[in-house]
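Numbers in my numbering are just positions in the sequence shown, counted from 1, shifted up by 4. All residues carry an ideal CB built from backbone N, CA and C; glycine is no exception. Encoded as structure tokens, the structure appears first; notes follow it.
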Amino acid sequence: MRVSRNLVALFTLVLMSGFANANLIQNGGFEDNAVNDGQWRWYASTDVNNWSGSNLEIWDSLQGVHAYEGENHAELNAHPYTGNVFTIFQDFTAVSGQSYNLSFAYRARSNSHEAFRVEVATGTDTVLSTLVDDHTTSGWSVFSAMFTATDTAAQVRFTSVSPATGTVGNFIDDVSVVSAPGALILFLLGGSLVVARRFSK
Ligand SMILES: [Ca+2]
Ligand SMILES: [Ca+2]
Ligand SMILES: [Ca+2]
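Right, here's the structure in full:
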């Protein structure tokens with residue numbers, strides 16, 4: 005019966021890793037648009053899969069800045085100058101009451117005064133709102149924070165703060181929202197123990 009128990013444990017591990025790593029954000033690394041190496045392009049958000057809002061500027065290894073993930077990253081302060089703050093957002097579906105982890109990489113382009121706000125809204129509630137103002141030009145930093153959904157309709161949103169309307173600053177890459185594993189793992193572990201006991205009889 006040891007084989008059965010090991011199989012159940014393995015199956016549970018696979019399930020856990022699959023669920024825990026499922027990113028609810030699509031094209032979170034801005035890889036869907038093909039940009040030539042060493043180049044940049046800007047796109048209307050309608051031409052970038054899954055993202056909405058302002059134009060998006062996408063870089064591929066321009067000026068010696070390599071993406072945190074894959075080939076591409078975005079610059080929030082996109083092209084051309086619009087006179088408005090830049091806001092990009094993506095809708096996703098959450099489970100009300102479930103906790104999630106939002107993470108992404110960010111980097112300053114020209115100076116350490118660059119800043120943007122990241123928010124998560126579920127329904128009409130803002131469940132996460134953080135001013136990200138500690139990035140540097142020397143490398144990527146990683147943001148990570150938890151939120152709990154209060155509705156199934158969810159949205160993650162990035163808004164330029166400094167510069168507010170200028171076109172230079174605030175690189176972003178590898179946006180991810182994953183279900184916080186704690187509750188799910190406990191649930192699956194409980195279920196697998198029951199199954200393991202049945203197999204072992
Ligand atoms: Ca990327
Ligand atoms: Ca490329
Ligand atoms: Ca730009």
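Rounded to the nearest whole angstrom, the CA to CA distance from residue 63 to residue 132 is 27 Å.
For residue 111, the CB contacts under 6 Å within the same chain, skipping 5 residues up- and downstream, are 139, 144 and 175 in chain order.
In terms of CA proximity to residue 185, 102 leads the group 102, 126 and 161.
Selection 98, 96 and 118 evaluated against residue 81 yields 118 as nearest (Cα-Cα).
Any heavy atom of ligand 2 within less than 7 Å of a residue's beta carbon puts that residue on the list, which reads 38, 39, 40, 41, 64, 75 and 76.
When secondary structure is reduced to three states using DSSP, residue 41 falls in the coil class, being assigned neither helix nor strand. Residue burial annotation: residue 172 is exposed, with fewer than 16 other C-beta atoms found within 10 angstroms of its C-beta. 84 is the residue among 156, 50, 84 and 67 whose C-alpha sits nearest the C-alpha of residue 169.
Proximity to residue 149 across 76, 107 and 77 peaks at 107, based on C-alpha coordinates. Residues with their Cβ less than 6 Å from any non-hydrogen atom of ligand 3, running along the chain, are 61, 79, 81, 82, 83, 171 and 172. The C-beta distance from residue 55 to residue 92 rounds to 5 Å, short enough to meet the 8 Å contact threshold. Boundaries of the beta strand (DSSP E) harbouring residue 183: 175–183, taken from the DSSP string.
The secondary-structure analysis by DSSP pairs residue 112 with nothing; it has no beta-bridge partner.
When C-alpha distances from residue 165 are compared across 121, 51 and 78, the shortest belongs to 121. Under the three-state reduction of DSSP output, residue 67 falls in the helix class. Shortest Cα-Cα distance from residue 163 to any of 42, 178 and 89 involves 89. A buried status is given to residue 60, since no fewer than 16 other beta-carbon atoms sit within 10 Å of its beta-carbon. Counting every other CB atom within 10 Å of its CB across the protein chains shown gives residue 41 a total below 16, marking it as exposed.
Apart from sequence neighbours up to five positions away, the residues of its chain that approach residue 154 with a beta-carbon distance below 7 Å are 100, 126, 127, 129 and 131, ordered along the chain. In its chain, beyond the 5 residues on either side, 54, 94, 96, 160, 179, 180 and 181 have a beta carbon closer than 8 Å to the beta carbon of residue 29.
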